[in-house]
Structures are given as structure tokens and as C-alpha cells.
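Report on the following structure.
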RNA sequence: GCUGGCGUAGCUCAGCUGGCAGAGCAGCUGACUUGUAAUCAGCAGGUCAUGGGUUCGAUUCCCGUCGCCAGCUCCA
């Protein structure tokens, strides 16, 4: 596994936790460190108002409302004062107050955010305060015994964050930090973060010449020749994989009259996030997703129940006008394509198909050795289309299938698409951030809006259900995950250059040409380093390019018509005849996605 | 979009408080003819993101714009 962060492999039959887990000792330590940091900040800037400061996955933060804008230099000052508070070894003391006392307490101290928090506490809840030394904070508790236990901490960054996570509220200043039981663990964590940065896809993508960007096309990648090999190899593998799984590949327009999204309902929710333009008194838009065009495709012909499930696969280019501040590398872009598909089925076929898709996700991700976390997103009461009863049914169906499959998952209330609930599969990037990749979305709304019909066994017309699904998700994001997962050292089937011929001296160039053309003729992506450098330099260059095989050619190889392969991990294989090497690498270059399927019939649903 | 930071050669980065813009790698040329992670020498390479302002003078200070980065909001 590439990322050092904890990744939960989906297995086991467990219900999601319904209540927050009790704080761990590490949480207590970090939450205590947050208190100490708030204390230090207020000692340095007494006018800074305190808000909240919880522990998080790899540390803690505290949000302040302060006229002084904190800088990176300030972090050192704050750390210094924190060090003094720790050295003083103040015990953490709990005190309970009535609601009125608590409000009066914070009003007297000019802490309006705390007043608001107290007012928002549910009736009957204990209102507790925790103090160390002179500093007191409103807080449920969960602390170490005294500040002296906070032995190893470090402040990391300062960033903006909206009060209560709402963009309509004031933006506060958030200071992030981390804390560990001892200095060794802290050092080790910081070193791991540094290591992780080395596999950042933006860095590796530049080093390996995979893709680039230009300020004139923000959020849209240029795929360089080597990156294009990666992209197309993945695309082709998925295309062939899905054909074998009974999908029909289609191509649909990139530009549509806006009427299409008025009809689908997307315009109501996402019009501002679309690129649109006028032409001859009509408004057109670049498609941000394929679903509505597939609805038109379904409706373009008479459909029988015998055709169902009908699965359209489409890798068309999509554009979404994402807010500038959200763009980043390949993980969040404005132009991308997906291994998108829409499946039309009879209601009775839904559970079986979802189960089949969950299995497919497992198979696809296993092919890359990627681990993921599943989450079920449910109806957003303020942003949904369709009938509540239908939604409830759909959510129930999804949860039942997921449980039956033994998938470990968490529920994200209100995070569903506007047309239906979904199962998303998140992958962690090198820095531990989660990105949605695969998705399975149930949709009873679109067929309704587009008046889709099929003729049933009873010769009457019926409305199909639609499942939106993607395995990779966006190619751009998925490739970012793969780059970080493999650290740029791609398996042979994905490597942009699979083998490099390295000659010992100019004398061996003629044979090098023979080797290159023989391998290229077998479909191997091979090139030759004929530069004037010494062998060591060429090996080093190939090594830095993370090429799986280097084929060293010198006098011995020329004489025997053999190649001396060296692998990327520094192993030297015995010299072998060219043909033997060709067979070996061709075998290795087969996509694991296209390995023989065990038994399709078992997975097919009726 | 919001808050903060950043933008110097193809890449990685120096450039103190304003005074002629630098290195390594990569590139080009030449020499060397090489056996598993860097052969040597020479040359070339810059509107210091961009537009404005302050100043005798701006890569450096101030403002706007664009882009990138972190986080927040958003994510069909």
C-alpha cells in the first residue's frame, strides 16, 4: 500500500458506528494540546476570540477570530508559549455551570462564539468547563491529567475556516497542529509526511513528464506523451473489461442545448457550475455529466424487458466550472472524463445489479492493489428531487445489499445526489486526503423526467430504474491516485516505457536497433539510450524514470544475440535470448483487469 | 468563491535592509568509447508571473490581475 495513512480494507460484516466513539488517549492528548494552544494564542494576542478546537485524524486545530492575521512566524512564538504552559504542568480541572452562569461567564469575557455555543446546547445537557492554569474553555471534556503530559507537539499551518462550517458566516483563522505521546513518534510522523510529499502526483507527474498545465487553461490537464500512454492504457483496459461485462460503449455529444439540463433537473442545482454560451439565440452548455444524454439514447428506440439490464458505457469529455479555489492537480479539475455508465433495469433487478457492481469495484481495485473506504450517502432534505417514499425505499435497498455483501461502510447523511442515494468509494491520497473515485448511484428521478419506458413481459409499458456508476471515477483523479500509490513506479502493463535498451558503447548501437524493433513489433513500449554517457549514467537515468526493465547490451550480448535485463529494483537477471525476454515482458504487460473471469453466470442477476 | 501563503532559466533552488540577476541539473558543441544510480571542458539560456504605483533607481516596497499551494465552502 502506498499511503502510510490508515486505510480500511473493505471486509467484515460490521454495522457503522451510530454514535461517536469515545475519545482515545491520543484524542485526549491532542484536544488538550488544542486548549494549551488557545491559551498561548490569547496570552500573545488577548483580543483573539476562541471558538472550537477538536482533535482530528492526525492532530488537532483551534479556530480563532482575531484581528491579527497569524503568520508562519507566529506559529513558532505560539509554540514557545505552549512550551511554557506545558512546563508549568497545570492540571486540567472540570467545573459544571448552569446555562445562565455559563452565558454570563462568556459575556463577561467578551467571547461571543462561546456564548453562541452555550445557547445552542440542548436543554438538559451538562455544561462543563475545563481549566488549566488561568485558561478556561467550554468543553465536553476528554483531557489528559495535566499540561505536562503534552510532551511532543508541533504547529503546522494556519488556514481560513468558516464559523460553524457555513460559508455565509465569518471566516475564522484555523491553526493546525499535531501532538504525540513522545518526541520520537512526533518525529516519525513528520518524517512520514515528508516522505509522502515525495510521491505527490503533481511532483511525480512533472518528474516523469506525464502531464502539465497552463495558466490559460486552469483545471484542464495537458497529457504529455508518457501520460497519454497511461491514460489510454487505463481507458482501453476498462473499455475491454466492460465490454466483457455486457456493457455497450457509446459516444454522445459534448455540447447540448440547455433545455436538456432543464429537463433533467441539473440546471436547477448546478447551472452556475456549467460552462455555457449563446449561439443563434439558443443557449448551449458543455456537458458536465453523461446521464441526460444517455436518457435520450435510451428513449431513441423501443426497449423490451428482454434488453434489460441495458448498460451504456461512455468515456466522453466532461466540463464542470469548479470554483477556482477548489482546483488542485489532477484530483479536482474542470475538464475530465470518466469510465461512466448508466444501467437501465427493471426494479426487480436493482439489488442484484448493485451487488454485482460492488463486486466489480472490489475486482477493479484489487487489480491495482488499491484499498478504499465505502460510504453511503442519503437524501439531502433541502436538495432532492422525486418522492420521499421512493427515496426511503432506495436507501433501504442500498443498505441491504451493502450489508449482504459484507462491505464495511459509513453513512453520510444528506450527501446523496439530488436524484438518489449512492455508494461512494474513497481512496486516500499520499497526504491522507480522501477522494471519491468509484460510485454507484441509484436514480428513480431521471427515468420519470425523461418518460423512459420499456415493454414488459405483460406487453404493457413500464418505467425502468437507472443506476449511474463509475469504477475509476474520473480518469484524472484515478491516475493521480495511481501515481501516488505506485510512487511513479508503474507495473509493466501501465509503464509508459516498459523497457529501455542501454548500450555499453557506440559499437553496440546496431544490435540495439534490432532489439528495439523486435520488441516494438511485439507491442512492447521500448526505447534506447544511445547517448554518449557512461553506462552508469544511463542506468541512473532509466532508474530515475522508473522504467521496469533496462536491457544492457555490450560485447557479450551482441556476440550471443542476448539481452542482460536489469530490473527497476536493481536486480540483474541472467542474460537471456531476445525472444525469451520478449515473451516474458509481453506476458507481464497483460492488464490484471483483463485476466480471465472465473464464472460470469454466478454474478449475473435475473 | 473565501482566508492565508507563494510565483526568479526547461527543472530544483540562491539572491542581506532597493543599486549591473546567480548555481546545480537538463540543453547545445567538442573530447572521451565507456559493463549496472551522475566522464570532462566550453557555450547558450531571464520582460525576475502580469499590469500599474512609489523612487534618481524596483526581482526587492505598495495596489490590482492571473496562476499555483494549504485549509474552508462546494463537488451532479
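Residue numbers (my numbering): 169 to 774.
No residue lacks a Cβ here, since even glycine has one placed at the ideal position from N, Cα and C.
| Exposed or buried, what is residue 589 when buried is set at 16 or more other beta-carbons lying within 10 Å of its beta-carbon? | Taking the first residue of the first chain as 1, we reach residue 589 at position 421. By the 10 Å Cβ count, residue 589 comes out buried.
| task | Determine the direct distance from the alpha carbon of residue 218 to that of residue 206, and round the result to whole angstroms. | result | On the first chain, position 38 is the one that residue 206 refers to. On the first chain, position 50 is the one that residue 218 refers to. Between residue 206 and residue 218, the C-alpha separation is close to 7 Å.
| Do residue 669 and residue 716 have their CB atoms nearer than 7 Å? | Here residue 669 refers to the residue found at position 501 when the first chain is read from its first residue. Here residue 716 refers to the residue found at position 548 when the first chain is read from its first residue. For residue 669 and residue 716, no; Cβs fall outside 7 Å.
| Considering only residues of the same chain and omitting the five flanking positions on each side of residue 611, which have a CB-CB separation below 8 Å? | Mapped onto the first chain, residue 611 falls at position 443. Counting only Cβ-Cβ distances below 8 Å, and skipping sequence neighbours, we find 459, 585, 587, 588, 633, 634, 635, 636.
| said: Measuring CB atoms only, is the segment 308 to 324 touching the segment 347 to 356, in the sense that at least three cross pairs come out at less than 8 Å? | reply: yes
| Selection from 210, 296, 403, 477 that minimises the alpha carbon distance to residue 622 | The residue labelled residue 622 in the question sits at position 454 within the first chain. Cα-wise, what sits closest to residue 622 is 477.
| Which two residues bound the contiguous beta strand (DSSP E) that contains residue 470? | Taking the first residue of the first chain as 1, we reach residue 470 at position 302. Taken as a continuous stretch (DSSP letters only), residue 470 belongs to no beta strand (DSSP E), as it is neither H nor E.
| field | Opening and closing residue of the alpha helix (DSSP H) in which residue 532 lies | value | For the purposes of this step, residue 532 is taken as the residue at position 364 of the first chain. Note, residue 532: alpha helix (DSSP H), 518 to 536.
| field | Nearest candidate by alpha-carbon position, reference residue 599, set 456, 342, 225, 504 | value | Stepping through the first chain from its first residue, residue 599 is reached at position 431. If we check each option's Cα against that of residue 599, 225 comes out closest.
| said: Let me confirm a value: residue 423 is counted as buried when at least 16 other C-beta atoms fall within 10 Å, else exposed. Which label applies? | reply: By one-based count along the first chain, residue 423 stands at place 255. Exposed: under 16 other Cβ atoms inside 10 Å.
| query | Do residue 369 and residue 648 have their C-beta atoms within less than 7 Å of each other? | reply | As a working mapping, residue 369 is identified with position 201 in the first chain. As a working mapping, residue 648 is identified with position 480 in the first chain. Yes. Within cutoff.
| request: Starting from residue 717, follow the beta strand (DSSP E) in both directions and report where the run begins and ends. | output: Looking up residue 717 in the first chain gives position 549. Start and end: 717 to 721.
| query | Just how far apart, CA to CA, sit residue 755 and residue 486? | reply | To locate residue 755, count along the first chain from 1; it is residue 587. To locate residue 486, count along the first chain from 1; it is residue 318. When rounded, the distance between both Cα atoms is 35 Å.
| query | Helix, strand or coil: how does DSSP classify residue 459 here? | reply | Along the first chain, one-based indexing puts residue 459 at 291. Correct three-state label for residue 459: helix.
| message | Helix, strand or coil, according to DSSP, for residue 193 in the structure here? | response | On the first chain, residue 193 is found 25 positions in, with the first residue counted as 1. Residue state, collapsed to three classes: helix.
| task | Let me know the alpha helix (DSSP H) ranges lying completely inside the segment 402 to 437, each 4 residues or longer, listed in chain order. | result | 427 to 432
| query | For residue 331, which of helix, strand or coil comes out of DSSP? | reply | Residue numbering aside, residue 331 sits at position 163 when the first chain is read from its first letter. Looking at residue 331 - three-state DSSP - the assignment turns out to be helix.
| message | Given this structure, state the Cα-to-Cα distance separating residue 693 from residue 242, to the nearest angstrom. | response | One-based indexing of the first chain puts residue 693 at position 525. One-based indexing of the first chain puts residue 242 at position 74. Rounded to the nearest angstrom, the two C-alpha atoms are 52 Å apart.
| What are the partner residues of residue 545, as DSSP defines its beta bridges? | Your numbering for residue 545 matches position 377 in the first chain. Beta-bridge pairing links residue 545 to 580, 590.
| request: Below 8 Å on the Cβ atoms is my guess for residue 380 versus residue 392; work out the distance and round it to an integer in Å. | output: Along the first chain, read from residue 1 onward, the residue named residue 380 stands at position 212. Along the first chain, read from residue 1 onward, the residue named residue 392 stands at position 224. 6 Å between Cβ atoms; contact.
| message | Run through the DSSP bridge pairs and tell me what residue 453 is partnered with. | response | By 1-based counting over the first chain, the position of residue 453 is 285. In the DSSP output, where bridge partners are listed per residue, residue 453 has 424, 444.
| message | According to DSSP, simplified to helix, strand and coil, what is residue 711? | response | By one-based count along the first chain, residue 711 stands at place 543. Note: residue 711 maps to helix in three-state DSSP.
| task | For residue 506, write down the residues that DSSP places opposite it in a beta bridge. | result | What you label residue 506 is simply residue 338 of the first chain in a count that begins at 1. 642.
| With distances taken between CB atoms, is the gap from residue 199 to residue 310 smaller than 7 Å? | One-based indexing of the first chain puts residue 199 at position 31. One-based indexing of the first chain puts residue 310 at position 142. Their beta carbons are under 7 Å apart, which means residue 199 touches residue 310 by this criterion.
| field | the segment 406 to 424 contacting the segment 438 to 457, beta-carbon criterion three pairs below 8 Å | value | yes
| said: Whole angstroms are fine: how far does the CA of residue 439 sit from the CA of residue 279? | reply: As a first step, residue 279 is located in the first chain; it is residue number 111 there, counting from the start. As a first step, residue 439 is located in the first chain; it is residue number 271 there, counting from the start. Distance between the alpha carbons of residue 279 and residue 439 is about 40 Å.
| Where does residue 642 land, buried or exposed, given buried means 16+ other C-beta within 10 angstroms? | One-based indexing of the first chain puts residue 642 at position 474. Looking at its Cβ environment, which holds 16 or more other Cβ atoms inside 10 Å, residue 642 is buried.
| query | Cβ of residue 733 within 7 Å of Cβ of residue 746? | reply | Within the first chain, numbered from 1, the residue matching residue 733 stands at position 565. Within the first chain, numbered from 1, the residue matching residue 746 stands at position 578. Going by C-beta atoms, residue 733 is not nearer than 7 Å to residue 746.
| query | From what residue to what residue does the alpha helix (DSSP H) around residue 701 run? | reply | As a working mapping, residue 701 is identified with position 533 in the first chain. It is not in any alpha helix (DSSP H) - residue 701 carries neither H nor E in the DSSP assignment.
| Closest to residue 663 by CA distance: which of 713, 450, 531 is it? | Translated into the one-based positions of the first chain, residue 663 becomes position 495. For the residues 713, 450, 531, the minimum Cα distance to residue 663 belongs to 713.
| Reference residue 259, options 479, 334, 577, 312, closest by Cα | Locating residue 259 in the first chain gives position 91, counting from the first residue. Of 479, 334, 577, 312, the residue nearest in Cα terms is 312.
| message | Per the DSSP calculation, residue 265 is bridged to which residue(s)? | response | Taking the first residue of the first chain as position 1, residue 265 is located at position 97. DSSP output for residue 265 lists 295 as bridge partner(s).
| field | Option nearest residue 472 by Cα separation, candidates 403, 627, 700 | value | Mapped onto the first chain, residue 472 falls at position 304. Considering only alpha carbons, the answer is 627.
| message | Taking 6 Å as the limit between beta carbons, can you name the residues of its chain near residue 535, skipping five residues before and five after? | response | One-based indexing of the first chain puts residue 535 at position 367. Counting only Cβ-Cβ distances below 6 Å, and skipping sequence neighbours, we find 760, 761.
| residue 313, enclosing beta strand (DSSP E) - first and last residue | Indexing the first chain from 1 puts residue 313 at position 145. Looking at the DSSP string, residue 313 is not in any beta strand (DSSP E), and its letter there is neither H nor E.
| Sheet register partners of residue 513 (DSSP bridge) | Residue numbering aside, residue 513 sits at position 345 when the first chain is read from its first letter. Partner(s): 633.
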